[in-house]
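Novice: Take a look at this one; I'll ask things after.
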Amino acid sequence: MDLSYTNEELAFQNEVRTFLSEKLPTAMSEKVRLGKGLTKEDLEEWHSILNERGWLAQNWPSEFGGAEWDSVQRHIFEEESSLANAPRIVPFGLAMLAPVLQKFGSQEQCDYWLPRILSGEDWWCQGYSEPGAGSDLASLKTRAVREGDHYIVNGQKTWTTLGQHANMIFCLVRTNTEVKNQEGISFLLIDMDTPGIEVRPIILLDGTHEVNEVWFTDVKVPVENLVGEEDKGWTYAKYLLTHERANIAGVGSSNAGLEAVKRMAKSEMAGGKPLAENPHFAARVAQVDIDLMAMSLSNLRIISKAAKGGAPGLEASMLKISGTVIRQEINDLARRAAGMYALPFASEAVEGSNQPELGPEHSRPVAEQYFNNRKISIFGGSNEVQREIIAKTTLGRMQ
Amino acid sequence: MNFELTEERQMLQDTLRRFLRDRYDVPTRNAILESESGMSSEIWNQIAELGVLGALFTEDDGGFGGKGFDIAVVFEELGSAGVVEPILETCILGGGVIAALGNETQKALLESIIGGETRLALAHGEPRARYDLNRVETGCDAGKLNGHKSMSLGAPNAEHIIISARESGAVDDDDGISLFLVPASALDLRSTPMMGGGMAADIWLEDVSVTDDMRLGPKGAALPYLESAYAAAITAMCAQTLGAMETAIRLTTEYLQTRKQFGRPIGTFQALAHRLADMLVELEQARSAVIGIAGYLEADPKLRDKHVSMAKNLMGRIGRQIAEESIQMHGGIAMTQEFELAHIAKRIIMADHLFGDVDHHLERFIGLSAA
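Shown next as structure tokens:
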């Protein structure tokens, strides 16, 4: 056993650091550091900077213009990006749809859609959840009926992240109602400009507009936009979910978050001394630090296994749980550290908000982030669903 | 021993509950939250007309209550409906200080507070004081106030603001703190809405003139009265949080009974059902803490404060559990601003940032227990 990076990995880490220090625009990293919302243009700019370097499609095979990084390299990039306050890469086209197209799509689909993802010509969003199909995703009801060269789609998707920016959506739709839930689902690519599509914003409890409802009324989708075979969409969806789980532990983001809490605690005062010296607060920080150190190693174990070709199974579910619990605990610490200055509420934590900014800069986003990150134990398979996977796999079917 | 409410308090509870059910529904509250002032004057007047504000003052001060259990009854109902109007700020903090310290002229304000015509705020907290009540850097020297008051609750909607300032001693001396009743129009306020609803303001004091007749009570001796006012405010806040927890649990129970996934109500999954049971267990702990703090509010300060810190610590811990678990068991729907639970959960969590958080009151409890 050797817990340190290899020389090649260390060289790569250096390369990433240099790149970030040279190419990450300061205005952008400041926004991330202060927890301000990023605009569509910010995210597109960051994508384009990465694309220029050939680092946008990190997990794609090189034949499609990908960087073909292994899991250790991806981990290093994510860790360094978080510490440098770089924006997250928007995953929907790059990390979610692309692997599905590469594995199950036609040559024509790959040739047409993949370059457009890289160039930023298309912004994809994900049409999975429905009001009645959350944890039980396979019960989805959005219907697609074949009529000649088209599918006619009717129904509603929800929690569509950044759908307000998207021009394309990949959807799970029901094409067969005669069979078991999982067997009648297809995977469709839909142009958001098609008549009959309506995007309605959902404002989250922290005042942000991040997710949307997408309504479909008699939406005509050309049959060539079907990925793979009809009624086989559940297989593709599950494959996609394994990619959604890459970086599921969020170690980089937790590290950056905990560092921010420690910095806050040095300047916030309690009882006439820095909060960092308060034994109760220090104990809280230490406790999370301990959990995070252990999780970082769990994460590396799994990454190392994946880099050698092993497929993470239960470990992904385990990391989803510990990763989200730790991240949420850090958000809770930040909120506590801010004291009374956690109270102000800028209803949209983006530029142009006209609320006066009271209290130190570091305290402004903490309550919003605390509430916003309640989502991470809900989405992408809630922690309850993950526990069910772990328990069922371990216990097996008992009578 | 008797844990029943008196008939009068029972009536007060019924009246207020009925009023809020009829007049303070979720769309009404959401509209208030989005409004510029963050409160409804109409609701304010109606609540005053119902006598709710009078219930928070003693007969001597022109009301008909003012005891711990009056406060608890009123604020539990307000909390259950998620009311954001600055009643605690006006009646418990502002009104409480005036009732305790005001001279005859100053006390004349109480009538118009009870009648709903005047609102007050207390500006005591400071950026470096965190939750300590004795730590006051703002000074009063030769009739001029200078300093920075942070997050004065309800100040944006108040006509008068009570400002604490040090007239002698070191920054954290218990002696030397005075209170001044200042017209809001004389002050430089920077207002902000708050995460859990309601408004607050930071106040920058630069040579704000005060005269001796604006001082509330004797010079430099305000701290014990501030502690009493905060004890009452914490009673109100704990009762309000208890009411909010009841609503969160009611909504979660309904959701577990009606939301179906995998072909059955999600409440039939034991993993969720047991967590609801845990929430109900903790709710009873919370209820007892509120009864404790209300019952000991008029007791000797040392006994009172032990219950105050016990309750505030407990409510902060249980509140976090109930708010987070309610959101988690609802899933995505609870993340949306317009859904009732979102506001209720925010109020529960943000209560921990007012009048001392879990850690502050744990330390205070340790100190009070050791003494």
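Protein chains in written order, with the working numbering: chain A, 1 to 399; chain B, 400 to 770. Virtual Cβ for every residue (Gly too), placed ideally from N, Cα, C. Keep in mind the model is a prediction, meaning the values are calculated, not measured.
Could you tell me whether any Cβ in chain A is nearer than 9 Å to the Cβ of LYS659/B?
Specialist: Position 260 of the second sequence, counting from 1, holds the residue named residue 659/B. Closer than 9 Å: yes.
Novice: Leaving out five residues before and five after TYR629/B in sequence, what residues of the same chain have Cβ atoms less than 7 Å from its Cβ?
Specialist: The residue labelled residue 629/B in the question sits at position 230 within the second sequence. So the qualifying residues of the chain are LEU532, PHE754.
Novice: Does the distance from the C-beta atom of ALA270/A to that of ARG649/B stay below 9 Å?
Specialist: Start at 1 with the first residue of the first sequence, and residue 270/A comes out as number 270. Start at 1 with the first residue of the second sequence, and residue 649/B comes out as number 250. Contact flag unset, no.
Novice: Name the chain A residues whose beta carbon is nearer than 9 Å to that of ASP531/B?
Specialist: By one-based count along the second sequence, residue 531/B stands at place 132. What ASP531/B touches in chain A: ALA270, GLY271, GLY272.
Novice: So is VAL757/B in contact with chain A if we call contact Cβ pairs under 9 Å?
Specialist: For this step, residue 757/B is matched to residue 358 along the second sequence. Yes, because at least one Cβ of chain A sits closer than 9 Å to the Cβ of VAL757/B.
Novice: Can you find a C-beta in chain B that's less than 9 Å from the C-beta of GLU384/A?
Specialist: Numbered from 1 along the first sequence, position 384 holds the residue referred to as residue 384/A. It does; some Cβ of chain B falls within 9 Å.
Novice: Tell me whether VAL350/A sits in a helix, a strand or coil according to DSSP, three-state version.
Specialist: Taking the first residue of the first sequence as 1, we reach residue 350/A at position 350. Caution is warranted here: a pLDDT of 38 is assigned to VAL350/A, below 50, making its placement in the model unreliable, and the coordinate value is therefore given only provisionally. It is coil, neither helix nor strand.
Novice: So ASN154/A is in the beta strand (DSSP E); what residue range does that whole segment cover?
Specialist: In the first sequence, residue 154/A corresponds to position 154, counting from 1. It spans 150-157 - the beta strand (DSSP E) in which ASN154/A sits, taken as one unbroken run.
Novice: Would you decide whether GLY352/A is buried or exposed? Buried here means 16 or more other CB atoms lie within 10 Å of its CB.
Specialist: Within the first sequence, numbered from 1, the residue matching residue 352/A stands at position 352. Caution applies to GLY352/A, whose pLDDT of 45 falls short of 50 and renders its modelled position unreliable; the value that the coordinates give is listed next. Burial call: exposed.
Novice: Taking only beta-carbon positions, decide if GLU388/A is within less than 9 Å of chain B.
Specialist: As a first step, residue 388/A is located in the first sequence; it is residue number 388 there, counting from the start. Closer than 9 Å: yes.
Novice: Taking ASP42/A as the reference, which of VAL72/A, LEU24/A, TRP55/A has the closest Cα?
Specialist: In the first sequence, counting from the first residue as 1, residue 42/A sits at position 42. Cα-wise, what sits closest to ASP42/A is LEU24/A.
Novice: When the cut-off is 9 Å and only beta carbons count, does ALA744/B lie next to chain A?
Specialist: Numbered from its first residue, the second sequence carries residue 744/B at position 345. ALA744/B counts as touching chain A.
Novice: Mind pulling the chain B residues with CB within less than 7 Å of LEU343/A?
Specialist: Residue numbering aside, residue 343/A sits at position 343 when the first sequence is read from its first letter. Per Cβ cutoff of 7 Å: MET550, MET593, MET594, ALA599, MET749, HIS752.
Novice: Is ILE513/B helix, strand or coil when you go by DSSP?
Specialist: The residue you call residue 513/B lines up with position 114 of the second sequence. ILE513/B: helix per DSSP, three-state reduction.
Novice: Please work out which residues of its chain come closer than 6 Å, Cβ to Cβ, to ALA498/B, disregarding the five sequence neighbours upstream and downstream, and give them in chain order.
Specialist: Residue mapping note: residue 498/B aligns to position 99 of the second sequence, counting from 1. Result list for ALA498/B: ASP460, in chain order.
Novice: When Cβ atoms are compared, which residues of the stretch 543-577 of chain B fall closer than 8 Å to chain A?
Specialist: Within the stretch 543-577 of chain B, the qualifying residues are SER549, MET550, VAL570, ASP571.
Novice: What in chain B is Cβ-close to ILE378/A, meaning under 9 Å?
Specialist: Walking along the first sequence from the start, residue 378/A turns up at place 378. Those are ILE726, GLN727, HIS729, GLY730, GLY731, ALA733, MET734, listed as they occur along chain B.
Novice: Which whole-angstrom value describes the C-beta separation of THR640/B and GLY478/B, a residue pair presumed to lie in contact below a C-beta threshold of 8 Å?
Specialist: Counting from 1 along the second sequence, the entry for residue 640/B is found at position 241. Counting from 1 along the second sequence, the entry for residue 478/B is found at position 79. Contact flag correct, Cβ pair sits at about 6 Å.
Novice: What is the DSSP secondary structure of MET636/B, counted as helix, strand or coil?
Specialist: Counted from its first residue, the second sequence places residue 636/B at position 237. DSSP places MET636/B in helix when its eight states are reduced to three.
Novice: Can you give the Cα-Cα distance for LYS705/B and LEU696/B, rounded to whole angstroms?
Specialist: One-based indexing of the second sequence puts residue 705/B at position 306. One-based indexing of the second sequence puts residue 696/B at position 297. Taking the straight line from one Cα to the other gives about 10 Å.
Novice: To be precise: take each residue of the stretch 662-680 of chain B, compare its Cβ to all Cβ atoms of chain A, and keep it if any distance is under 9 Å. Which residues remain?
Specialist: Taking 9 Å as the Cβ-Cβ cut-off against chain A, the residues of the stretch 662-680 of chain B that qualify are GLY662, ILE665, PHE668, ALA670, LEU671.
Novice: Let me see if you follow: with CB-CB separation under 9 Å, is PRO426/B close to chain A or not?
Specialist: Walking along the second sequence from the start, residue 426/B turns up at place 27. With 9 Å as the cut-off, PRO426/B does not count as an interface residue toward chain A.
Novice: Between ARG327/A and GLY250/A, which are expected to be in contact by the criterion C-beta below 8 Å, what is the C-beta distance as a whole number of angstroms?
Specialist: Sequence index remark: in the first sequence, residue 327/A carries index 327 (1-based). Sequence index remark: in the first sequence, residue 250/A carries index 250 (1-based). Contact holds; Cβ gap of about 6 Å.
Novice: With a 10 Å radius around its C-beta and 16 neighbouring C-beta atoms as the bar for buried, classify PRO592/B as buried or exposed.
Specialist: To locate residue 592/B, count along the second sequence from 1; it is residue 193. It counts as buried.
Novice: Can you find a CB in chain A that lies within less than 9 Å of the CB of PRO526/B?
Specialist: As a working mapping, residue 526/B is identified with position 127 in the second sequence. Closer than 9 Å to some Cβ of chain A, the Cβ of PRO526/B qualifies, so yes.
Novice: What whole-angstrom Cβ distance do SER567/B and GLY619/B have, given they're in contact under 8 Å?
Specialist: For this step, residue 567/B is matched to residue 168 along the second sequence. For this step, residue 619/B is matched to residue 220 along the second sequence. Yes, they are in contact, since the Cβ atoms of SER567/B and GLY619/B sit about 6 Å apart, within 8 Å.
Novice: Near SER109/A, which residues of its chain fall below 6 Å by C-beta distance, leaving aside the five closest residues on each side in sequence?
Specialist: If you number the first sequence from 1, residue 109/A lands on position 109. Reading the sequence as shown, one finds Gln at residue 109/A and not Ser. Hits under 6 Å: LEU101.
Novice: What is the rounded straight-line gap between the Cα of PHE764/B and the Cα of LYS701/B?
Specialist: Locating residue 764/B in the second sequence gives position 365, where the first residue counts as 1. Locating residue 701/B in the second sequence gives position 302, where the first residue counts as 1. For PHE764/B and LYS701/B, the distance between alpha carbons rounds to 10 Å.
Novice: With CYS125/A as the anchor, note down where its beta strand (DSSP E) starts and where it stops.
Specialist: Within the first sequence, the letter at position 125 stands for residue 125/A. Where CYS125/A is concerned, the enclosing beta strand (DSSP E) stretches over 124-127.
Novice: Should LEU258/A and ASN372/A be called a contact, given that it needs their Cβ atoms to be closer than 9 Å?
Specialist: Residue numbering aside, residue 258/A sits at position 258 when the first sequence is read from its first letter. Residue numbering aside, residue 372/A sits at position 372 when the first sequence is read from its first letter. No; because the gap between Cβ atoms is not below 9 Å, this pair is not in contact.
Novice: Since MET340/A meets chain C, which of its residues come closer than 7 Å, beta carbon to beta carbon?
Specialist: Of the protein chains in the structure, A and B, none is chain C.
Novice: Could you check whether ASN212/A and GLY163/A sit closer than 9 Å to each other, using their CB atoms as the reference points?
Specialist: In the first sequence, counting from the first residue as 1, residue 163/A sits at position 163. In the first sequence, counting from the first residue as 1, residue 212/A sits at position 212. Yes.
Novice: Helix or strand or just coil, what does DSSP make of TRP69/A?
Specialist: For the purposes of this step, residue 69/A is identified with residue 69 of the first sequence, where counting begins at 1. TRP69/A: coil per DSSP, three-state reduction.
Novice: Look at the alpha carbon of THR324/A and the alpha carbon of HIS752/B, and state the distance between them as a whole number of angstroms.
Specialist: Counted from its first residue, the first sequence places residue 324/A at position 324. Counted from its first residue, the second sequence places residue 752/B at position 353. In a straight line, the C-alpha of THR324/A is about 23 Å away from that of HIS752/B.
Novice: Do you know how far the Cα of ASN299/A is from the Cα of MET318/A?
Specialist: Translated into positions along the first sequence, residue 318/A becomes position 318. Translated into positions along the first sequence, residue 299/A becomes position 299. Going by the C-alpha atoms only, they are around 10 Å apart.
Novice: What span of residues does the alpha helix (DSSP H) with ALA144/A cover, start to end?
Specialist: Taking the first residue of the first sequence as position 1, residue 144/A is located at position 144. Taken as a continuous stretch (DSSP letters only), ALA144/A belongs to no alpha helix (DSSP H), being part of the beta strand (DSSP E) at 143-147.
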